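Undergrad: Take a look at the following structure, please.
In the numbering used here, the protein residues as written are 3 to 134.
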């Protein structure tokens with residue numbers, strides 16, 4: 003993993019893709035990775051958005067939501083996924099982020115824009131999770 007975090011890939015399909023080590027807590031942290039190649043049209047108006055489906059019973063400590071087109075990664079724990087997901091059905095959370103900040107969503111009771119999730123970007127979470 004980037005930024006000096008010790009990590010190892012998990013090759014079994016157990017819902018955990020990566021195991022990392024936090025020197026801050028002296029504990030291992032498991033991560034499930036969900037990735038988008040790029041933003042896709044979505045919603046009623048077909049605006050470009052990144053979106054991921056996350057199982058509510060994920061065994062991972064953190065979920066990494068990746069946008070491969072921009073190399074951005076957001077790290078959220080399951081409590082945060084539950085809080086910020088815009089939809090929840092059939093045992094899965096659906097979390098999405100509009101790319102264009104001028105989009106006018108019909109229902110905006112929760113965060114819906116990528117810029118509203120900046121606090122969860124990998125570079126902003128490293129110190130709180132891994133380093134002093």
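Every residue gets a Cβ at the ideal spot worked out from N, C-alpha and C, and that includes glycine.
Fair warning: this is a prediction, and the values are worked out from it, not measured in the lab.
1) Less than 6 angstroms between C-beta atoms, sequence neighbours within five positions excluded: which residues of the same chain meet that for residue 55?
2) For the alpha helix (DSSP H) containing residue 129, list its first residue and its last residue.
3) Considering just the uninterrupted stretch of the beta strand (DSSP E) at residue 30, what are its terminal residues?
4) In this structure, how does DSSP classify residue 92 when only helix, strand and coil are distinguished?
5) Looking only at its chain, what residues have a beta carbon closer than 6 angstroms to the beta carbon of residue 127, apart from the 5 residues adjacent to it on each side?
6) Where does residue 84 fall in DSSP's three states?
7) Around the C-beta of residue 30, are 16 or more other C-beta atoms found within 10 angstroms, so that it is buried, or is it exposed?
8) What separation, rounded to the nearest whole angstrom, lies between the Cα atoms of residue 133 and residue 24?
9) With a CB to CB cut of under 6 angstroms and the five nearest residues on each side skipped, what residues in its chain are close to residue 105?
TA: Once the coordinates are examined:
1) The residue labelled residue 55 in the question sits at position 53 within the chain shown. Hits under 6 angstroms: 94 and 96.
2) Here residue 129 refers to the residue found at position 127 of the chain shown. Note, residue 129: alpha helix (DSSP H), 124 to 131.
3) For the purposes of this step, residue 30 is taken as the residue at position 28 of the chain shown. Unbroken beta strand (DSSP E) run through residue 30: 29 to 38.
4) Position 90 of the chain shown holds residue 92. Residue state, collapsed to three classes: coil.
5) Start at 1 with the first residue of the chain shown, and residue 127 comes out as number 125. Result list for residue 127: 77, in chain order.
6) In the chain shown, counting from the first residue as 1, residue 84 sits at position 82. DSSP places residue 84 in helix when its eight states are reduced to three.
7) Taking the chain shown and counting its residues from 1, one reaches residue 30 at position 28. When all chains shown are included, residue 30 counts as exposed.
8) One-based indexing of the chain shown puts residue 133 at position 131. One-based indexing of the chain shown puts residue 24 at position 22. Distance from the CA atom of residue 133 to the CA atom of residue 24, rounded to whole angstroms, is 7 angstroms.
9) On the chain shown, residue 105 is found 103 positions in, with the first residue counted as 1. If we look at residue 105 and ignore the five residues flanking it on each side, its Cβ neighbours are 49.
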